[in-house]
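Enquirer: The structure follows.
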Amino acid sequence: MPILARYALEFFSHSADQTRRVGVRLGSLLQKGMVVCLEGDLGAGKTTLTDGIAQGFGSPDRVSSPTYVILNEYRHPNGSQVLHADAYRLPGNNPFDMEMLDLDHKLENGILVVEWAERLKNYLPKEHMWVNLNYLGVDQRHLIFTPRGKAYEAVAKKLQQSLFGA
Ligand SMILES: Nc1ncnc2c1ncn2[C@@H]1O[C@H](COP(=O)(O)OP(=O)(O)OP(=O)(O)O)[C@@H](O)[C@H]1O
Ligand SMILES: [Mg+2]
Numbered sequence: 001m002p003i004l005a006r007y008a009l010e011f012f013s014h015s016a017d018q019t020r021r022v023g024v025r026l027g028s029l030l031q032k033g034m035v036v037c038l039e040g041d042l043g044a045g046k047t048t049l050t051d052g053i054a055q056g057f058g059s060p061d062r063v064s065s066p067t068y069v070i071l072n073e074y075r076h077p078n079g080s081q082v083l084h085a086d087a088y089r090l091p092g093n094n095p096f097d098m099e100m101l102d103l104d105h106k107l108e109n110g111i112l113v114v115e116w117a118e119r120l121k122n123y124l125p126k127e128h129m130w131v132n133l134n135y136l137g138v139d140q141r142h143l144i145f146t147p148r149g150k151a152y153e154a155v156a157k158k159l160q161q162s163l164f165g166a
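1 is the number of the first residue of the sequence shown in the working numbering; add one for each residue after it.
Below is the structure:
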């Protein structure tokens, strides 16, 4: 069993801004319809990374935490959009009607980033970029990107080149 999954990528961030910039690189590689799943404790940097991803995908808006809503939608002037979901406050036992969110339809025009994605695992597409964020110290974070599916493996390879130049 390898330590990291095939094509997985790890990054040690030393500041919030660096995490945001990693997000920008990732966001610039995403195509409409793609999904990024974020898993990490409170304050691990999920929203910070999302802000970068949205910027890299071309969003003019700053992303903030959608703590009291399940889904924020950032629409671009060009018609594409960034969907930002936060499952933190999802009721644990209540079956949640994901179809109400109409994600499949909305994804045709944009990307989806999900915080606390492990809580929505059963509802999310099987192919995605899974990101684990781990707190190491006040400003230190360990990020692991695990692609699931060929299209996401291609993204991971390009991200590797973009971040490390190799
Ligand atoms: N290397 C780093 N990467 C990301 N955030 C960092 C880093 N170092 C310090 N921080 C700080 O950690 C906090 C991360 O907050 P953020 O809202 O992004 O986390 P989160 O995972 O979305 O939390 P929540 O679970 O509450 O939604 C910010 O205050 C940020 O400035
Ligand atoms: Mg957050």
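Even glycine gets a Cβ: it sits at the ideal position worked out from N, Cα and C.
For Leu-136, name the three-state secondary structure that DSSP assigns.
Expert: coil
Enquirer: Report yes if the CB atom of Val-24 is closer than 9 Å to the CB atom of Leu-112, and no otherwise.
Expert: no
Enquirer: Pick out every residue whose C-beta is nearer than 7 Å to a heavy atom of ligand 2: which are they, in chain order?
Expert: Lys-46, Thr-47, Ser-65, Asp-86 and Glu-115
Enquirer: When every heavy atom of ligand 1 is checked, does at least one fall within less than 8 Å of the C-beta of Ala-117?
Expert: no
Enquirer: Which one or two residues does DSSP pair with Ile-111 in a beta bridge?
Expert: Answer by DSSP bridge pairing, in chain order: Val-82.
Enquirer: Cα separation between Leu-4 and Pro-147?
Expert: Going by C-alpha positions, Leu-4 is about 11 Å away from Pro-147.
Enquirer: One question on the structure: do Gln-160 and Leu-9 come within less than 9 Å of each other, judged by their Cβ atoms?
Expert: yes
Enquirer: Assign His-14 to one of three DSSP states: helix, strand, or coil.
Expert: coil
Enquirer: How many Å lie between Phe-83 and Asn-72 at the Cα?
Expert: In the sequence as presented, Phe is not what sits at residue 83; that position holds Leu. Cα-Cα distance, rounded: 6 Å.
Enquirer: Would DSSP call Val-22 helix, strand or coil?
Expert: helix
Enquirer: With DSSP as the reference, label Tyr-88 as helix, strand or coil.
Expert: coil
Enquirer: From what residue to what residue does the beta strand (DSSP E) around Val-35 run?
Expert: 35-40
Enquirer: Looking at Phe-145 and Ala-154, is the spacing between their C-beta atoms short of 9 Å?
Expert: no
Enquirer: Is Thr-146 near ligand 1 - that is, is its Cβ less than 8 Å away from at least one heavy atom of it?
Expert: no
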